[in-house]
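Chemist: Structure in structure tokens, see below.
2 protein chains.
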Amino acid sequence: MRLHPAARQEMASPGTQRAAGCTCPHLSPHPPLSHLPLSRSVRVQWGYTNPISEYVHYSLFVNVSIVHYDSCLISFISLPPLLPSLHRIKASGLKLQLCTNETQATRESFVRKLRALGFDVSVAQVTAPAPAACHLLRERGLRPHLLVHHDLVPEFAEIDKTNPNCVVLGDAAENFTYANLNEAFRLLIGMEKPVLISLGKGRYYKETDGLKLDVGAYMKALEYACDIQAEVVGKPAKRFFESALAELGVPAEQAIMIGDDIVNDVGGAQQCGMRALQVRTGKFRPSDENHPEVKPDAYVNNLAEAVDIILQEL
Amino acid sequence: MRLHPAARQEMASPGTQRAAGCTCPHLSPHPPLSHLPLSRSVRVQWGYTNPISEYVHYSLFVNVSIVHYDSCLISFISLPPLLPSLHRIKASGLKLQLCTNETQATRESFVRKLRALGFDVSVAQVTAPAPAACHLLRERGLRPHLLVHHDLVPEFAEIDKTNPNCVVLGDAAENFTYANLNEAFRLLIGMEKPVLISLGKGRYYKETDGLKLDVGAYMKALEYACDIQAEVVGKPAKRFFESALAELGVPAEQAIMIGDDIVNDVGGAQQCGMRALQVRTGKFRPSDENHPEVKPDAYVNNLAEAVDIILQEL
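So the sequences go chain by chain: A and B.
Under full-length UniProt numbering, the first residue of the first sequence carries the number 1, and numbering increases by one thereafter.
Under full-length UniProt numbering, the first residue of the second sequence carries the number 1, and numbering increases by one thereafter.
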């Protein structure tokens with residue numbers, strides 16, 4: 001897959017406006033990949049300032065929220081039609097890492113469900129906020145009070161939770177009770193320097209019975225009440241994507257993020273130096289194409305189209 | 001009550017720093033009232049740019065949160081010791097208006113409780129957010145979905161609530177369930193132009209069993225999820241204080257706010273052109289004396305001291 005240097009130049013011309021608030025100097029907004037003069041005969045340079053080897057490994061980040069926008073605890077209703085595309089990625093030899101902000105289940109449970117549905121991945125192929133939070137807690141000697149979904153608690157099994165000196169907030173769903181929120185608040189406000197670690201900052205998500213407030217909304221409630229700022233360890237945090245890249249063993253410029261969330265997937269990956277495609281499925285909204293801060297490197301109509309293009313151009 | 005013009009001049013000298021963010025040109029921070037050269041023989045001019053008649057009526061706003069910081073639904077534990085001061089105000093002929101952000105009960109219920117405790121006030125003497133919200137709803141033809149305390153619902157008895165086109169948020173307490181918050185969110189996100197009316201923006205408050213998140217925290221959660229800004233009708237909103245002044249029938253410069261909340265009471269009243277005393281009880285924290293944006297016109301140790309000073313100087 002390659003863009004002709006001249007075509008890249010044209011896209012980055014003064015006529016192309018830079019997305020406000022984006023600080024990545026090497027990234028600029030582009031028309032949909034499908035409109036680009038792709039050629040099998042030349043390998044893509046992606047317009048990076050540092051040229052990449054012609055035989056670069058393209059690692060595909062697949063954001064699980066395009067695999068299923070429903071909670072993985074309830075159903076994987078959107079997964080089956082995507083399986084052929086995922087199998088094609090695997091068969092191509094491309095490395096694949098699933099990046100999810102899912103905090104309603106452990107990675108083990110997540111992988112079990114994927115396998116049951118016919119997609120064989122390992123736990124190491126899943127980057128999720130809870131393990132990132134555990135890493136941070138150990139690093140800083142923090143003992144968390146957990147306000148998370150009960151199915152996520154095992155991820156913190158080996159973390160000392162006595163005499164808490166921070167609060168870890170996940171998408172607690174039914175555990176977001178008045179009593180539990182007050183308890184987390186009281187612990188925070190009682191700390192000399194309140195530390196709130198949030199496993200994401202999503203606004204809302206969709207389940208079979210409708211839209212639900214996501215962890216970000218509750219994070220904002222606690223931030224306001226305590227006059228503090230939470231530390232976010234899920235997408236779009238830089239450390240989250242760095243951890244995924246480390247797991248893959250590839251530099252940012254050799255990885256492609258495919259996601260449906262303009263801020264968490266596309267914006268987060270781009271800020272880490274990756275290129276990112278936005279699929280027009282799941283969370284995608286037509287208004288995303290006019291987002292004031294984030295511009296994907298390309299749009300694709302669905303995962304199958306993204307995989308088609310990438311595999312054709314390898 | 002009066003400050004000698006020379007003393008006022010001295011207080012407003014360049015050595016006295018203006019509170020950041022305050023836009024009221026005639027208000028400046030002062031040392032505690034008790035430190036001022038008060039004199040019975042001269043009436044206070046309060047340093048306003050427009051001179052006030054010597055025989056001005058001082059109307060006393062008593063913020064109920066200094067009368068009781070506990071929920072009025074549970075107990076009025078702090079009220080009895082304050083009764084003598086409240087009776088003294090009444091006997092002096094000063095007008096009195098209770099300004100509360102209480103949204104866990106109707107004004108009728110609130111007044112009944114005050115009377116049962118020996119303080120006889122009328123419903124008209126209570127300014128509260130719910131009636132202000134009703135006024136706004138009628139004015140704009142809005143039909144609310146209510147996420148409020150069940151004891152407050154009667155305040156909205158005469159408001160059309162069919163086919164909601166806005167959400168009214170109060171301190172719903174136990175009604176702040178995951179399901180109710182999701183329901184309010186879904187209604188908002190489904191509106192072409194979501195309208196969220198909040199009966200206050202307090203961060204938290206204290207009850208006998210500890211600190212509780214206040215309506216402001218939940219307001220922030222919905223604001224973030226829907227990417228909107230709520231309209232606040234309780235303190236410190238300007239329209240709230242204007243409504244209280246209208247009820248009293250006095251201009252702002254003739255009213256004094258006494259409150260324990262540096263932002264909601266003191267800041268709100270000052271922005272409306274009133275002077276405001278902060279009592280060092282209830283919500284008061286020593287750090288309030290270094291608040292970056294709001295400086296009370298004076299500090300008093302408690303309500304009795306405020307009343308002593310005001311009555312002495314009449």
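In this text, a Cβ means the ideal position worked out from N, Cα and C, and glycines have one as well.
As the structure is a computational prediction, the values presented were derived from the model and not from experiment.
(1) Of all the alpha helix (DSSP H) runs that stay within the bounds of the region 170–202 of chain A, which reach a length of 4 or more residues?
(2) Between the alpha carbons of residue 264 of chain B and residue 181 of chain B, how many angstroms are there, rounded?
(3) Cutting at 7 angstroms between CB atoms, please list the residues of its own chain near residue 81 of chain A, excluding the five before and the five after it.
(4) Going along the chain, which residues of its own chain have a beta-carbon closer than 6 angstroms to the beta-carbon of residue 154 of chain B, five neighbours each way excluded?
(5) Listed in chain order, which residues of the region 181–197 of chain B have Cβ atoms closer than 8 angstroms to some Cβ of chain A?
(6) Is the region 166–179 of chain B in contact with the region 138–157 of chain B, if contact means three or more CB pairs nearer than 8 angstroms?
(7) With three or more C-beta pairs closer than 8 angstroms as the rule, is the region 279–286 of chain B touching the region 234–250 of chain B?
(8) What span of residues does the alpha helix (DSSP H) with residue 84 of chain A cover, start to end?
(9) Quick one: using the 10 Å Cβ neighbour count with 16 as the cut-off for buried, is residue 9 of chain B buried or exposed?
(10) Please list the partners that residue 213 of chain A has in chain B, where partner means a Cβ-to-Cβ separation under 7 angstroms.
(11) I think residue 88 of chain B touches residue 250 of chain B, with their Cβ atoms under 8 angstroms apart; what is that distance to the nearest whole Å?
(12) By alpha-carbon positions, which one of B:228, B:177, B:85 and B:121 ends up nearest to residue 192 of chain B?
(13) I'd like to know if the region 119–134 of chain B and the region 199–218 of chain B are in contact, where contact means that at least 3 CB-CB pairs between them fall below 8 angstroms.
(14) Note down the Cα distance separating residue 260 of chain A from residue 296 of chain B, rounded to an integer number of angstroms.
(15) Taking 9 angstroms as the cut-off, decide whether the C-beta atoms of residue 177 of chain A and residue 177 of chain B are in contact.
(16) Taking residue 174 of chain B as the query, report the chain A residues whose CB atoms sit under 8 angstroms from its CB, ordered along the chain.
(17) Output, in chain order, the set of chain A residues within a Cβ distance shorter than 8 angstroms of residue 204 of chain B.
(18) Report the CB separation of residue 189 of chain A from residue 226 of chain A in whole angstroms; it is logged as a contact under 8 angstroms.
(19) State buried or exposed for residue 312 of chain B, treating a residue as buried only when at least 16 other CB atoms are found within 10 Å of its CB.
(20) Out of B:187, B:111, B:108 and B:271, which has the shortest C-alpha to C-alpha gap to residue 162 of chain B?
(21) So, using beta-carbon positions, are residue 326 of chain A and residue 100 of chain A closer together than 9 angstroms?
(22) What residues match up with residue 236 of chain A in a beta bridge as DSSP calls it?
(23) Could you work out which residues of chain A lie near residue 325 of chain B, taking near to mean beta carbons separated by less than 9 angstroms?
(24) What first and last residue would you give for the alpha helix (DSSP H) that runs through residue 316 of chain A?
(25) Considering only their Cβ atoms, is the gap separating residue 241 of chain A from residue 252 of chain A smaller than 9 angstroms?
(26) Using a Cβ-Cβ cutoff of less than 6 angstroms, which residues in the same chain neighbour residue 324 of chain A once the five nearest sequence positions on both sides are dropped?
(27) Give me, in chain order, the residues of the same chain whose beta-carbon lies closer than 6 angstroms to that of residue 41 of chain A; leave out the 5 immediate sequence neighbours on both sides.
(28) In the DSSP assignment, what residue or residues form a beta bridge with residue 145 of chain A?
(29) Would you say residue 217 of chain B lies against chain A (beta-carbon separation less than 9 angstroms)?
(30) Out of curiosity, what's the CA-to-CA distance linking residue 110 of chain B and residue 159 of chain B?
(31) Given this structure, state the Cα-to-Cα distance separating residue 112 of chain A from residue 244 of chain A, to the nearest angstrom.
(32) For a contact defined as C-beta to C-beta under 8 angstroms, what are the partners of residue 210 of chain A on chain B?
(33) Excluding sequence positions up to five away, which residues of its chain have a Cβ less than 7 angstroms from the Cβ of residue 137 of chain A?
(34) Considering only residues of the same chain and omitting the five flanking positions on each side of residue 231 of chain B, which have a CB-CB separation below 6 angstroms?
(35) Should residue 224 of chain A and residue 213 of chain A be called a contact, given that it needs their Cβ atoms to be closer than 9 angstroms?
(36) Distance, Cα to Cα, residue 185 of chain B vs residue 217 of chain A?
Modeler: If we stick to the structure as given:
(1) 178–189
(2) 25 angstroms
(3) none
(4) Only 106 meet the Cβ criterion.
(5) Going along the region 181–197 of chain B in chain order, one finds 181, 182, 185, 186 and 189 with a Cβ nearer than 8 angstroms to chain A.
(6) yes
(7) no
(8) 83–92
(9) Residue placement at residue 9 of chain B is flagged as unreliable, the pLDDT there being 30, under the threshold of 50; a coordinate-derived value is accordingly withheld.
(10) 181, 182, 185, 221 and 225
(11) The pair is not a contact, with the Cβ atoms about 19 angstroms apart (cut-off 8 angstroms).
(12) Ranking the options by Cα distance to residue 192 of chain B, first place goes to B:228.
(13) yes
(14) Straight-line Cα distance between these residues: approximately 50 angstroms.
(15) yes
(16) Those are 178, listed as they occur along chain A.
(17) 185, 189 and 225
(18) 5 angstroms
(19) exposed
(20) B:187
(21) The structure shown does not extend to residue 326 of chain A, since chain A is modelled only from 1 to 314, so the question has no answer here.
(22) In DSSP, residue 236 of chain A forms no bridge with anything.
(23) The first residue shown for chain B is 1 and the last is 314, placing residue 325 of chain B beyond what the model contains.
(24) Since the first residue of chain A shown is 1 and the last is 314, residue 316 of chain A is not available in this structure.
(25) yes
(26) Because residue 324 of chain A is not part of the residues shown, which for chain A are 1 to 314, the question remains open.
(27) Caution is warranted here: a pLDDT of 21 is assigned to residue 41 of chain A, below 50, making its placement in the model unreliable, and the coordinate value is therefore given only provisionally. Excluding positions up to five away in sequence, the list is empty.
(28) A:167
(29) Yes - at least one Cβ of chain A is within 9 angstroms of the one on residue 217 of chain B.
(30) 21 angstroms
(31) Cα to Cα, the separation comes out at about 20 angstroms.
(32) 182 and 186
(33) 144 and 159
(34) 197
(35) For residue 224 of chain A and residue 213 of chain A, no; Cβs fall outside 9 angstroms.
(36) 10 angstroms
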